[in-house]
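Colleague: Please see the structure below; I have some questions.
Residue numbers (UniProt numbering): 1 to 677.
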C-alpha cells in the first residue's frame, strides 16, 4: 500500500461543521487531530490535554487533503516496555493507543503477555517450572530478558503476572487493530533457558558473553546455533502459539545481538543467523516481515563493519525486513550502509535514554533529517519513527516529530513553537511564547552527535570528576523560567502550563546543582573549609529539599505514583513487595550492585530527598572530614559507603504519596526569588 491520506471538508448546510475521511482509521484520526490542532487550537500530550473547543465549531473555507510523507509512522522502543509501560493498566494503555492514532502512528509493537506464551512452549518442550523461573527476569527488566541480555534478575514472574499481561495484550491488539494500526509481535531471536540443554542434551547452544556490568550470575544467556534443528522447532512453535492466541498482522520483531558481540564475525555465520530467524518466522507465517532494530550497528561499529552488516541484512530476502535506524537524528546508519544495502528502513528519533528527565531536543536534526534521508541516493526509507527509551518527557519534540510525518518539507520552527505554546496553554501569551522560542534555540537545539543521557551531577553518584558541560547557554533556561513565571497570572489555571513550569524550574535547579557542585569542588581543592560548608549546606539543606517539594507538587513528578502503580499490579502482599523492589531498583542501582547505576535516573518528589540528597549529604560530610583530618579523599572508600545509602533507599519500606501536595506556582516563585542568578 501507498502512504496514508486524509481529507477534511465542511459539507454544505449547517448541521455538520467538518467531515473527515481517511485511507485507514489512523489516517482519519490524524486528520481529526489536524482539525483540532490547526483550527480549534487544541493540544494533546503525555502531560495533559487542552481541548477547549470554539463555539460554534469553525468551518473550513476549502477542502484539505494531506498525504503522509512515507508508508509508516512507527512508535515505541523495546526498552520503553520496561522504563515506561511496565506498570500500566488498561485505562492508561487505552489513552496511549488513542494518542497514537491521533498522532498518525500506524506501526507499533504489542509485546505484553509474551512470557505467558513462552512459558507454555517451554513446558511443552519438557522444561520444568524452576528452570523457567531461573530464566525470566522481574517485570521491570523484561525488555533485556527478551533481547538475551539478562536472566533471573529481580524475578521470578508470578503466575498472576502472566494472566494479567495476557488479558492486557488481548485488549491492546484489539484496540490497535480496530484503529487500523499494524501490530508488531515478538518472534524467536535464538536465546534459550539453560534448561533446554537438560531436555535436549545434544543441542548446539553457546553461552554469549556477559552484558554491560552484569556477570554470568544474571547474564551470559545461551544462544542456539542457527544450524541446529531445534532453532526452527522452537521459533516456529512459539510463533504458531502466539498467532493462535492473538492473531497476526504479519510483522515480527527479533533482536539477537542487541549490545551483544556475536560468536563469530564470519559473514557466512551472520547470514546463517538472520536466515534461521527469518525461516522460523515463515515456518509459522509465510507472509512474515521482520522488523529489526538497527541499534547494534552504531553501538558496536568496530564489530559491525560493512561486510558484517551486509551479511546479516542479506540473510533475509530484500524487502522482507525493515530496519529501524534507531538513532538517526544523531548517528544515522543508512548513510554508511548504502541505505541498509537495499533493505527498507525507518528513520527514527531516539531522543531519550532511560526515561531520564531533562529538557533536550535536536530540533534542527529532526526538522531536516528525514527529508535528507528520502533524497539519499537509492534511498530505501519507508517511514519515520519515535523510539524513546522512556516517555512522558519533552512533549514538544514528539509533537513536532509527529507533525513532520505528514509534511513534505521542513517547518519554520520559531513560528511553529509560538503556535505550539498558544495551543498547549489555550491562550496566546507573549511571555510564554518568548520562553518557548528561547528554549527552542538553546536546550532544544543540540547539534552534532547528541546523546541525551542526563549526566547532571544532581542525578549521579558524587565524585570530584563530574561532568557539568552543557550544549546550550544556561542563561536561556533561567530567562525562560522568569518569562514563564511572569505568565503565571494569566496561564496558571492550565494543567499543561503548570507541568512546564515544574519542568523548566527543575531544569534551572539542575543547573544550579552543578554550580554548587563546582563551588564545593573548588573549596575542597583549595582547602577552604568555610566555603565548603556554605556551598554544601545550601545544596543539601535548602536547594535539594526545595526541588523535592516542587516536584512533589505535581502528580507526574511523584516517586509515589511509580511505586503505587507497581504495587497495583500485584494480587498479593508478596507480589506487591517484589514489584515495588523492581520499581525502586530500576530507577537507582539498576542491578544488585549498581551494575548500571543511575542509567534510568528520574527527578521525582521523594527520590530527590531520600536518594540523591542523602548521597550529596554524605559526599559533603566526607569532604569536610577529609579537610579536618588532613587525610585524602578516596573515591573507592566513598563508593562503598554511598552504596549502603543507595541500597538502603531500595529497602526503606517507606510509602511515598501518590497525590501531589503544595502550590507549584508558589514553590517555583520562592525558588526563583532565592536562586535566580
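Here a beta-carbon is modelled for each residue, glycine too, at the ideal position from N, C-alpha and C.
Just reading off the alpha helix (DSSP H) that residue 100 is part of, what are its end residues?
Modeller: Element bounds for residue 100: 90–102.
Colleague: For residue 150, which of 210, 242, 111 and 42 has the nearest alpha-carbon?
Modeller: Ranking 210, 242, 111 and 42 by Cα distance to residue 150 puts 210 first.
Colleague: Please work out which residues of its chain come closer than 7 Å, Cβ to Cβ, to residue 282, disregarding the five sequence neighbours upstream and downstream, and give them in chain order.
Modeller: Answer for residue 282: 288, listed in chain order.
Colleague: Taking only runs that begin and end inside the segment 451–534, name each unbroken alpha helix (DSSP H) of 4 or more residues, in chain order.
Modeller: Qualifying alpha helix (DSSP H) stretches, in chain order: 474–491 and 495–525.
Colleague: Under a three-way DSSP split, which group does residue 124 fall into?
Modeller: If DSSP states are grouped into helix, strand and coil, residue 124 belongs with the helices.
Colleague: Measuring only the C-alpha atoms, how far is residue 454 from residue 97?
Modeller: Between residue 454 and residue 97, the C-alpha separation is close to 28 Å.
Colleague: Counting C-beta neighbours from all protein chains within 10 Å, is the total for residue 630 16 or more, i.e. buried, or is it exposed?
Modeller: Under this definition residue 630 is an exposed residue.
Colleague: Thinking C-beta only, is residue 438 closer than 7 Å to residue 389?
Modeller: No; because the gap between Cβ atoms is not below 7 Å, this pair is not in contact.
Colleague: Using DSSP bridges, identify the partner residues of residue 384.
Modeller: 73 and 347.
Colleague: Nearest by alpha-carbon distance to residue 67: which of 135, 666 and 104 is it?
Modeller: Comparing Cα-Cα distances from residue 67 to each of 135, 666 and 104, the minimum goes to 104.
Colleague: Run through DSSP, which three-state label would residue 277 get?
Modeller: Correct three-state label for residue 277: helix.
Colleague: Please work out which residues of its chain come closer than 6 Å, Cβ to Cβ, to residue 246, disregarding the five sequence neighbours upstream and downstream, and give them in chain order.
Modeller: These residues qualify, in order along the chain: 173.
Colleague: With 16 as the cutoff for other CB atoms within 10 Å, does residue 448 come out buried or exposed?
Modeller: Residue 448 comes out exposed.
Colleague: Look up residue 418 in the DSSP assignment and say whether it is helix, strand or coil.
Modeller: In this structure, residue 418 counts as helix in the three-state DSSP scheme.
Colleague: Near residue 252, what residues of its chain come up, given a Cβ to Cβ distance below 8 Å and the 5 sequence neighbours on each side ignored?
Modeller: Only 184, 185, 186, 187, 239, 281, 285, 288, 289, 290 and 291 meet the Cβ criterion.
Colleague: My understanding is that residue 361 touches residue 444, with C-beta atoms under 8 Å, so please give their C-beta distance in whole angstroms.
Modeller: So it is a contact: roughly 3 Å between Cβ atoms.
Colleague: How close, in whole Å, do the beta carbons of residue 69 and residue 405 come, if the pair is a contact with beta carbons under 8 Å?
Modeller: That pair is a contact at about 6 Å.
Colleague: Kindly list the residues whose CB is nearer than 6 Å to the CB of residue 570, restricted to its own chain and excluding five residues on each side of it in sequence; keep chain order.
Modeller: These residues qualify, in order along the chain: 576 and 579.
Colleague: Output the boundary residues of the beta strand (DSSP E) element that contains residue 685.
Modeller: With the chain represented from 1 up to 677, any question about residue 685 goes unanswered, as that position is not in the structure.
Colleague: How about residue 381 and residue 372: are their beta carbons less than 7 Å apart?
Modeller: Against a cut-off of 7 Å, the Cβ pair of residue 372 and residue 381 comes out as no contact.
Colleague: Which residues mark the beginning and the end of the alpha helix (DSSP H) in which residue 339 is found?
Modeller: Per DSSP, residue 339 belongs to the alpha helix (DSSP H) from 338–341.
Colleague: Buried or exposed for residue 548, going by 16 or more other Cβ atoms inside 10 Å?
Modeller: Buried is the call here.
Colleague: Does the pairing of the segment 54–68 with the segment 121–129 give three or more beta-carbon distances under 8 Å?
Modeller: The segment 54–68 is not in contact with the segment 121–129.
Colleague: Check whether the segment 131–144 touches the segment 579–593, taking contact to mean three or more Cβ pairs, one atom from each stretch, closer than 8 Å.
Modeller: These segments touch.
Colleague: Between the segment 456–473 and the segment 484–499, can you find at least three pairs of beta-carbon atoms closer than 8 Å?
Modeller: No, the segment 484–499 does not touch the segment 456–473.
Colleague: Are the segment 162–170 and the segment 214–222 touching, with three or more C-beta to C-beta distances below 8 Å?
Modeller: Segments in contact, no.
Colleague: Of the residues 49, 637, 559 and 539, which one's Cα is nearest the Cα of residue 617?
Modeller: Looking at the Cα atoms, 539 is the closest of the given residues.
Colleague: In this structure, what does DSSP give as the bridge partners for residue 292?
Modeller: Paired residues: 323.
Colleague: Take the Cβ of residue 77 as the centre, count every other Cβ of all protein chains shown within 10 Å, and call the residue buried at 16 or more, exposed below.
Modeller: Counting Cβ neighbours within 10 Å, residue 77 comes out buried, since at least 16 surround it.
Colleague: Helix, strand or coil for residue 314 per DSSP?
Modeller: Three-state DSSP puts residue 314 in a helix.
Colleague: Tell me the rounded alpha-carbon separation between residue 378 and residue 370.
Modeller: Whole-angstrom Cα-Cα distance: 15 Å.
Colleague: Please return the same chain residues whose Cβ sits closer than 7 Å to the Cβ of residue 554, not counting the five positions on each side in sequence.
Modeller: Counting only Cβ-Cβ distances below 7 Å, and skipping sequence neighbours, we find 498, 499, 502, 660 and 664.
Colleague: Would you identify the three-state DSSP class for residue 434, choosing helix, strand or coil?
Modeller: The answer is helix: DSSP assigns residue 434 an H, G or I state.
Colleague: Write down every uninterrupted run of the alpha helix (DSSP H) in the segment 114–183 whose length is 4 residues or greater and which is fully enclosed by it, in chain order.
Modeller: Runs of the alpha helix (DSSP H) inside the segment 114–183: 114–125, 129–133, 142–146 and 159–178.
Colleague: Identify every residue that forms a DSSP beta bridge with residue 50.
Modeller: 43.
Colleague: Using 8 Å for Cβ pairs, my map puts residue 658 next to residue 558. What's the rounded Cβ distance?
Modeller: Sure, about 6 Å apart at Cβ, within 8 Å.
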